[in-house]
Amino acid sequence: MEWLISLAIGVLTASGVYLTLRARTFPVVLGLTLLAYAVNIFLFAMGRLTVGLPAVIDKTAEAAQYSDPLPQALVLTAIVIAFGMTAFLIVLALKARGELGNDHVDGLDEAPHNNASKEAK
Amino acid sequence: MTSMTFLSFNLPIVALLPFFGAIFAAWASKINRLASAWVAALVTILALAFLAPSMALVFAGETLIQSWTWIPAIGLEFAFRLDGLALLFALLILVIGLLVILYARYYLSKKDSMGRFFAYLLMFMGSMLGIVLSENLIQMVVFWELTSLTSFLLISYWQHRQDARAGARMALVITGGGGLALLAGVLLLGYVVGSYNLTDVLAAGDLIRGHDLYLPILVLILLGVFTKSAQFPFHFWLPHAMAAPTPVSAYLHSATMVKAGIFLLARFFPVLSGTPEWTWLVGGAGLITFLLGAYFALFQNDIKGLLAYSTISHLGLITLLFGFGTQLAAVAAIFHIINHATFKASLFMVAGIIDHETGTRDMRRINGLFKYMPHTAILAMIAAAAMAGVPLLNGFLSKEMFFDQALTASNASVWAWAIPILVVLAAVFSVAYSLRFIHDVFFNGEPIDLPKTPHEPPRFMKIPVDLLVIICLAVGMIPMFTVAPILAVAVAGTLQTTPPEYSLAIWHGFNLPLLMSFVALLLGVLVYVMRKRLFAWHESGVAHWDARIIFNAVMGALGSFANKVTRSFDKGSLQNASVWVIATALLAGFIGFTSVSAPLFGDRVLMPVDGVSMLAIAILMVASVLTVAWHRKRLISLVMLGVVGLIISLMFVKFSAPDLALTQLSVEIVTVILLLLALYFLPQTTPKETCDLRVSRDIVIALLSGVGVTLLTMAVLTRDFSPISEYFLLNSVPGGGGTNVVNVILVDFRGTDTLGEIAVLALAGLGIFAMLQGMKLHAPERDTGGRLWNADLHPEIMQTLTRLLLPLMIMIAIYIFLRGHNLPGGGFIAGLIAAVALIVQYLSNGIAWTNDRLKFDMHWVIGFGLLIATGTGLVAMGLGYPFMTTAFTYLNWPVVGKFEVASAIAFDLGVFLVVVGATVMSLVELGKLSNESHQAPTQSKPQPKPQPKSQRKLEQEAN
């Protein structure tokens, strides 16, 4: 199971990194979201994987075992913050498009085929 | 009794009052132009009043120390100290400050902003007071740097003038850089002594002088001193700082800014002096500066330039005295500090009056002013005579002491016989330039081509000068009844022992120092008489030496080097920058992996794989890859991202994290809706990339990152660990009163962290609101397939169903919220669920319909949330517990039964409100954008108007 999770994190990271390096804002936002997923699962996995042992104290059980609550608490806020960041970024992307007229991350519309299509019309 | 308690806190008030006063002074100028001056004067008088009660203690020979813990872990205290030396400087700063404020009120013209001037001046005053009153050395360095910053603001007060900006920047670079060296020196000093408190440092003189680090400490501290006090080779910033308004020069270059370095010399005199290094460095710099300043002062044509170089020269004199290293030399130095402050402040003020009344400061044009302004002329002549060291004035007394010390020092070594000669040479120039100041300005024929006809300034503008000149005379004639007491305590405070015997008498009989004085006076007159030939010689060579050229060259080279480094990394492209960041992380990870000799994986027993998990994770991986593979078709890519998010929440269910599963699920919904809303305004496809090389490079980087993270995760997961969560599990019920440990950590154990996190969320929400204000984007009517976007705006079935759902969802949110402390749930999750419930209403019924019925302003919701969360923490503080301490009790509710009420639930309510507010605001604002962008086509006639060019361009791009 550990291999599976590690691989999943790896695939999410690779996908996220590739999209983060793209030239248009929307894929970059998606890439950062994927990276956030990868980081969240990574943090969560630092408490090791446990099945059926949620960190809710059960007074009836003797010598009860629980999953590690600390990474969970960290990840919970991380998920919410990641949402806040995604929302902020995508609005920033909209603003950039509104101000600059294109959705390139550097604000430079260098794609040649756009010019070609304009000329065609 | 009351006075004793007052004396346990008055010093920080003295130092901090001007900072608060600065706010008032800035504000007061809105009421009345002159109100700022009144505020500034009142604040200064108030600070004096706070200082006054502790003076008796200092005159009784005690040292007042007031301290509060700051960062006890590293031995830092917020500590203040008042001894004789500190008292002398505090009085100089406040009294001369008061006179400068009175003077500036008349000096500034109607065009100058009074509020800004007096606010800066007060901030500067507070910083200076902070330096002299600090017991803790780190704290002193903070105030030291504050003087650099505030003096920058003061020197560049006339921001429209290029020379003012350049002069201010030069002063900031030199003194600020020196401040950094000082910080390093103080840190080393603290390391050697084991304490940053001045009391401990002053008691450890032998330890410091004997330590291996003595020389580095000395050099670093002296760098701070020399830059601040304009000692050679850092003297050149001071003349350029003359671009400041004259009240600023009068304040900064007589009693304060440049004296801060001298103060530090005096402060560290008992611990650092008495070694050959001290004598050579301090004495050498002082002697050179003394000579250089005196020489250059004679040749300045600008009155303020003359005074600036004379200030440099006198600072050199004081530094040289400290460099002699004897106790009597220190007495002379302290005495000269007082004298220089009085005569130089008055001379600067006179220079300002002349500038004010004639419209120029050029001594080649200002001549014969005596008959236009006799009163001012007499004041100036007395002050200048004091500067020259004429008998019966204060400057004469300290100069006599100085000559006496120079003679004593001449016995020190074979070469030291030169000291008295060089000193007299500098004194000759001092006499000559003082004479020039008097003769050139007030006599020497008629004024040439002045912009204004000069006359006496307003009565009150002269009062500060009157007072200062009276002090010069009083100290010069009856020193025992005027300056003696404060000089005695200041000397005792400096030396930290019983002061040596010294005499302040005016007449010591015919002796060598007196002879030197007369030689200097006679030769000085002679030099001035022969000035024409001297000027010609000076003009032919030395006049063209200017350290500013070197300074500018160094600064220019530094700037272009920094630019070159920046440009080689940052080519103005985000993609490029991201590659740098990710590649660096990869490299760091690679080094980390390869530099550890332990096996990559541990031997922890792994969990068996079951079929369902395998399938789920396989789907996750495929969806993740497809998000990338189809990223050019944005909508499909987004759908794939949603799949990834959903599987992750399933993973949290599987691996015992129900809270995370609930959070992830609700966040996923909100995220996808948000991205969909945004995607509407963005191009639906991403253009094909032109550079294949870049694509392959990015694929390699991405694959390497993936492999690295996989190995890293595996390396951790195959090893055992000892979690620190034992404490939370044990104390969750007894300490936090809840059985859901994750929630108790969030709202109780780590409540302050959570507060920070919801603050970030609130800021993101408000930031989004701010960015979307007034934004209009082109709203396409058809999608890429040519279909209408809004075929059916609000489907009826959806409307009906969602309206039914609202109460149910809100109820679930409340339920999840209430049980959160004990079972999976809590403010974050409940907030997200409530937000989804509201957003669904907006989606299905439209914004107008929902806004009519939902009359909450989300700004208020966010604000109240933060207020409640912070308030919960503050209540605990009010009750005497640390911030964010929680309490809980059990209530018996009628139907529900025993129910636990924790103060943490109030905190969680704050979390809930912030999450609802920020989430709903982000999405609804985005939705409104779409509404507003659609207004234009719906309002317009059926005939479509020709679109503006930019919009058409957007649409083409979108297609």
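So the protein lines, in turn, are chains A and B.
Letter by letter, the first sequence follows residues 807 to 927 of my numbering.
Letter by letter, the second sequence follows residues 1429 to 2387 of my numbering.
Think of the CB as a built atom: it goes at the ideal place given N, C-alpha and C, for glycine as much as any other residue.
Own chain partners of residue i with C-beta closer than 6 Å, once the 5 adjacent residues on each side are dropped
{"i": "B:Thr2212", "result": "Gln2112"}
{"i": "A:Tyr872", "result": "Leu859 and Ala861"}
{"i": "B:Gly1702", "result": "Gly1753"}
{"i": "B:Ala2051", "result": "Met2068, Val2071 and Val2072"}
{"i": "B:Ser2133", "result": "none"}
{"i": "B:Leu2401", "result": "Look at the range of chain B in this structure, 1429 to 2387, and you will see that residue 2401 of chain B is not part of it."}
Cβ-based neighbour list, residue i, same chain, cut-off 8 Å, excluding 5 preceding and 5 following
{"i": "B:Pro1928", "result": "Gln1755, Leu1756 and Val1759"}
Span separating the alpha-carbon of residue i from that of residue j
{"i": "B:Leu1735", "j": "B:Thr1497", "result": "44 Å"}
{"i": "B:Ile2196", "j": "B:Leu1646", "result": "53 Å"}
{"i": "B:Ile2242", "j": "A:Ile885", "result": "21 Å"}
{"i": "B:Ala1855", "j": "B:Gln1494", "result": "43 Å"}
{"i": "B:Gly1622", "j": "B:Ser1996", "result": "44 Å"}
{"i": "B:Asn2121", "j": "B:Ser2331", "result": "The question names Asn, but residue 2121 of chain B in the sequence shown is Leu. C-alpha separation (whole angstroms): 59 Å."}
{"i": "B:Lys1880", "j": "B:Leu1513", "result": "45 Å"}
{"i": "B:Lys1890", "j": "B:Leu1536", "result": "14 Å"}
{"i": "A:Ala899", "j": "A:Thr892", "result": "10 Å"}
{"i": "B:Leu2260", "j": "B:Arg2125", "result": "39 Å"}
{"i": "B:Arg2210", "j": "B:Pro2115", "result": "19 Å"}
{"i": "B:Ile1847", "j": "B:Gly1489", "result": "35 Å"}
{"i": "B:Val2388", "j": "B:Val1953", "result": "Outside the displayed span of chain B (1429 to 2387) sits residue 2388 of chain B, for which this structure offers no information."}
{"i": "B:Ala1631", "j": "B:Leu1470", "result": "38 Å"}
{"i": "B:Val1710", "j": "B:Ser1741", "result": "14 Å"}
{"i": "B:Ala2334", "j": "B:Val2161", "result": "18 Å"}
{"i": "B:Met1809", "j": "B:Gly1984", "result": "43 Å"}
{"i": "B:Arg2231", "j": "B:Ala2057", "result": "39 Å"}
{"i": "B:Leu1700", "j": "B:Leu1692", "result": "11 Å"}
Proximity test, Cβ basis, 9 Å: residue i and chain A
{"i": "B:Leu2107", "result": "yes"}
{"i": "B:Gly2214", "result": "no"}
{"i": "B:Pro2151", "result": "yes"}
{"i": "B:Glu2185", "result": "yes"}
{"i": "B:Ala2085", "result": "yes"}
{"i": "B:Arg2178", "result": "yes"}
{"i": "B:Gly2390", "result": "Because chain B in this structure spans residues 1429 to 2387, residue 2390 of chain B falls outside the shown range and cannot be described."}
{"i": "B:Arg2210", "result": "no"}
{"i": "B:Ala2130", "result": "yes"}
{"i": "B:Glu2117", "result": "yes"}
{"i": "B:His2287", "result": "no"}
{"i": "B:Lys2356", "result": "no"}
{"i": "B:Asp2181", "result": "yes"}
{"i": "B:Asn2359", "result": "no"}
{"i": "B:Gly2291", "result": "no"}
{"i": "B:Asp2038", "result": "yes"}
{"i": "B:Thr2138", "result": "yes"}
{"i": "B:Ile2010", "result": "yes"}
In DSSP terms, what residue i is bridged to
{"i": "B:Lys1538", "result": "Paired residue(s): none; B:Lys1538 is not in a bridge."}
{"i": "A:Val947", "result": "Shown here, chain A extends from 807 to 927; a query on residue 947 of chain A therefore has no answer."}
{"i": "B:Thr2113", "result": "B:Lys2061"}
{"i": "B:Gln2092", "result": "Beta-bridge pairing links B:Gln2092 to no other residue."}
{"i": "B:Leu1510", "result": "B:Leu1492"}
Beta-carbon proximity list for residue i, same chain, < 7 Å, skipping 5 on both sides
{"i": "B:His1639", "result": "Val1620"}
{"i": "B:Val1893", "result": "Ser1774, Met1777, Val1778 and Leu1807"}
{"i": "B:Met1551", "result": "Pro1446, Phe1447, Ala1450 and Thr1578"}
{"i": "A:Leu836", "result": "Leu825"}
Contacts of residue i in chain C (Cβ-Cβ under 7 Å)
{"i": "B:Gln2003", "result": "The chain labelled as chain C is not found among the protein chains of the depicted structure, namely A and B."}
The ligand GTP heavy atom lying under 8 Å from the CB of residue i
{"i": "B:Ala2005", "result": "The ligand GTP is not among the ligands present in this structure, which contains no ligands whatsoever."}
- Message: When you compare the segment 1664–1675 of chain B with the segment 1578–1597 of chain B, are there three or more beta-carbon pairs, one atom per stretch, that lie closer than 8 Å?
- Response: yes
- Item | Given 8 Å, three or more beta-carbon pairs between the segment 2004–2013 of chain B and the segment 817–828 of chain A | yes
- Does the segment 1455–1474 of chain B come within contact of the segment 1497–1506 of chain B, defined as at least 3 CB pairs closer than 8 Å? no
- Could you say if the segment 1938–1955 of chain B and the segment 1539–1548 of chain B meet the contact criterion of at least three C-beta pairs nearer than 8 Å? no
- Message: Within 8 Å, do at least three Cβ pairs link the segment 1716–1731 of chain B to the segment 1591–1598 of chain B?
- Response: no
- Message: Taking 8 Å as the cut-off, does the segment 2286–2301 of chain B touch the segment 2178–2190 of chain B (at least 3 CB pairs, one atom from each stretch)?
- Response: yes
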